[in-house]
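Structure first, then comments.
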Amino acid sequence: MADVFTLGIDIGSTASKAVILKNGEEIIGKSLLDVGTGTSGPERVIRQIFEDTGMTKEQMALIMGTGYGRNSIEIADQNMSELSCHARGAYFLLPSVHTVIDIGGQDVKVIQIDNGAMVNFQMNDKCAAGTGRFLDVMARVLEVEVSELGDLAAQSTKRVGISSTCTVFAESEVISQLAHGTKKSDIINGVHHSVAARVTGLAHRVGIRDDVMMTGGVAQNKGVVSALEEELGHIVHTTPLTQYVGALGAALFAYQKALVKAKQ
Amino acid sequence: MSNMETLLQEFAVVAASPKAQLKKYKEQGKKVIGVLPYYAPEELVYAAGMVPMGIWGTNNKTISKAKEYCATFYCTIAQLALEMLLDGTMDDLDGIITPTICDTLRPMSQNFRVSMGDKMPVIFLAHPQNRFADWGIKFTMDQYHDVKKQLEKIASKAITPEDLKEAIKVYNRSRRARRAFTKLANEHCDVITPTKRMQVLKAAWFMLKDEYTEKLEELNAELAKLPVCDWKGTKVVTSGIICDNPQLLAIFEENNIAIADDDVAHESRAFRVDAPETDDPMHDLAEQFKNLDYDVLLYDPASAENRRGEFVADLVKKSGAQGLVLFMQQFCDPEEMEYPYLKKALDAADIPHVKLGIDQQMRDFGQVKTSLQAFADVLSLRA
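Those sequence lines, one after another, are chains D and Y. Just so you know, we're using our numbering here: the first sequence kicks off at 1 and counts up by one. Just so you know, we're using our numbering here: the second sequence kicks off at 265 and counts up by one.
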């Protein structure tokens, strides 16, 4: 039987990701750009993955779009919500997973999984607190790169309390701490715990069951992961493919649907 | 266009244009009274020969003028209701009734009085929480008598017991027709999409009830002729204060989600209970208020139990829905505070639900789209 290739494209609010899967099992290509929906990111990430793999659109049995910008991916045959795709992708990478926490650019999602399928979920309210945007804002005020936050938090000797209610108020608190000469690493530690507290509140609404996996770009920040472990009281698994989990899930769904289509 | 399509189109036009309805009635020489949420005895307005018109905010405006009178944390329904009066959309009304059973509308009644009092009579109405005992009934009746007196002054006409009895009859018939419609809408959810369902029910707030009921009964008769549809998508019950945003309801349609029934204040909560029809019509109206139940805003003497939560869970099961969509109005304290026990009852009954944070100034529906699409996935997997 000929190999079946599927493409999953995850266009988020701050990043564009794509994964090509062979026979629903093997990742043969992946690409990522740090710009999301409404930018040139979606078009470029698709061009890049085809260039990298030497494959073409015509070789794809099915293309599935996901993410905040899923409705505007012209090349996609179908689209699915990123919650379903993160659940599917996380289950593929960690079959014992029952809880997925995805902190995206403007959303936080906590997903409950049973036998590989999403059975319940919660999303954040219309508020940036606890999201990737919250960390972006804090990094800017602290004059550090978002990618540095994890390492800086590791140098903290004392955690500073930062509220988890509102990004604007939390920003004022950070400025006030800086004015008082508080160490940046301690403030960052507080910021991470603020995010973790917010996410934990959401997670409790769904119910937390081991294994817990964190997906999305923020999972690369070790400071947030360890703050989350502390607040949740559970081990939080991550994956080197953390930013690709949504796109991977989309490619897996695409494979499943391609098989159904082939049978018809 | 079939008769059914014509009727649906008429309801859609009315639902979208309260200002045009107000103009139409005024041109007919009728007086029109604005009625704010919740549970105002519209029958009194009708009995006075005037047109009651619901004011539940709008999805098409941005709060601007109302900011002068309202704190940021007031819900957008209340603020946009005031905006519609201040910006000239509905300022041709002959008066407004401001019920005060909601925590925001209670203080807001004074903002309406201060801002609009010089232009039109603002009729204050305080429903009692203890509405069951004789003295609770008497309190309700006293309040309604006061509203009646002020309406009589505006109408320059005395409301006789016969007028009120007739009004109650008209309203009971209208409530029955709306209850019948929600059942038919469930059976024919292929024709009555979430948007059309909303339009039909919303139009009731902007039409004289006898005119409205006549059209609705006609629509019901047309629907009853159709075979019950074999719906392949999912079905939900909706809950919350209001969910009349067409952009939001279009997301239901995109994801093949039909509305089997509702627990929405703007919809079914407003017509669940009829008034008795005796020789004491004012008492009948108070009795009707007494008989209202399972509402976030109403005092429940058995509050140690989870009656409302269980009622909503039961509604989902009885209607054949697979889940519940909760529209949570931003800054609505009563609905937000009720959520944990509603969730507890739904979880206990193994009913999945999704809570969508909304307000009437919402212009971006990306997050709602994601939530509803994911919820449809969850429901399909459970089916």
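From the three backbone atoms N, C-alpha and C, an ideal C-beta is built for every residue, glycine too.
Any Cβ of chain D closer than 7 Å to the Cβ of Y/GLY621 would place that residue at the interface, and such an atom is present.
Here Y/PHE445 is near Y/LEU480, since their CB atoms are less than 7 Å apart. Between Y/ASP398 and Y/VAL434, the CB-CB gap reaches or exceeds 7 Å. Neighbours of Y/LEU645 in chain D, taken as residues at a C-beta separation under 8 Å, are given in chain order as ALA117, MET118, VAL119. The straight-line gap separating the alpha-carbon atoms of D/MET1 and Y/ILE523 is approximately 44 Å. For Y/ASN375, the enclosing alpha helix (DSSP H) starts and ends at 369 to 380. Beyond the five residues adjoining it in sequence on each side, Y/THR353 comes within less than 7 Å, by CB distance, of LYS283 in the same chain, given in chain order. Put simply, of Y/GLN637, Y/GLN586, Y/PHE591, Y/ALA577 the residue whose alpha carbon is nearest the alpha carbon of Y/LYS608 is Y/ALA577. Per DSSP, reduced to three states, the secondary structure at Y/ALA449 is helical. Around the CB of D/ARG140, fewer than 16 other CB atoms lie within 10 Å, so the residue is classed as exposed.
Excluding five sequence positions before and after Y/LEU483, the CB atoms of its chain that fall closer than 6 Å to its own CB belong to LEU271, given in chain order. Looking at the backbone, the Cα of Y/ALA485 and that of Y/LEU448 are separated by about 10 Å. Not flagged as an interface residue toward chain Y: D/LEU248, since no C-beta distance is shorter than 7 Å. For a Cβ distance threshold of 7 Å, nothing in chain D lies close to Y/ASP382: the least Cβ distance comes to about 37 Å. For D/GLN122, the enclosing beta strand (DSSP E) stretches over residues 117 to 123. If the five residues before and after D/SER194 are omitted, its C-beta is found closer than 7 Å to the C-beta atoms of ILE162, SER163, SER164, ALA170, all from its own chain and listed in chain order.
The criterion of a C-beta distance shorter than 7 Å is not satisfied by Y/ILE341 and Y/GLY359. For Y/THR634, the chain D residues whose C-beta falls within less than 8 Å of its own C-beta are TYR68, SER81, GLU82, LEU83, ASP107, MET123, listed in chain order. Residue contact check for Y/ASP614 against chain D: no CB pair falls below 7 Å. Under DSSP, Y/ALA522 takes part in a beta bridge, and its partners are Y/LYS499.
Per DSSP, the beta-bridge partners of Y/MET592 are Y/GLY621. Cα atoms of D/ILE235 and D/VAL225: separation of roughly 9 Å, rounded to the nearest angstrom. Sequence-distant partners of Y/LEU562 (beyond 5 residues in either direction) whose C-beta falls short of 7 Å from its own C-beta, in its chain, are LEU556.
Here DSSP, grouped into helix, strand and coil, assigns D/ILE103 to strand.
Below the 8 Å Cβ cutoff, chain D contributes MET80, SER81, LEU83, SER84, MET118 as neighbours of Y/ASP641, in chain order.
Membership of D/GLU25 in any beta strand (DSSP E) is not indicated, and neither H nor E is assigned to it by DSSP.
Taking a beta-carbon distance threshold of 7 Å, Y/ALA638 counts as an interface residue toward chain D. At a cut-off of 7 Å between C-beta atoms, Y/GLY497 does not count as an interface residue with respect to chain D. CA-to-CA, the gap between D/SER13 and D/GLY36 works out to about 5 Å. Around the C-beta of Y/ASP628, fewer than 16 other C-beta atoms lie within 10 Å, and the residue is accordingly described as exposed.
The alpha-carbon of D/LYS222 is positioned some 37 Å away from that of Y/THR336. At a Cβ-Cβ threshold of 7 Å, D/ASP77 and D/LEU62 count as neighbours. For Y/LEU465, same chain residues with a beta-carbon under 6 Å away, outside a window of 5 residues either side, are GLU531 in chain order. Going by beta carbons, D/ASP136 and D/GLY67 fall outside the 7 Å limit. Any Cβ of chain D closer than 7 Å to the Cβ of Y/GLY359 would place that residue at the interface, and such an atom is absent. For D/LYS222, the enclosing alpha helix (DSSP H) starts and ends at 222 to 232.
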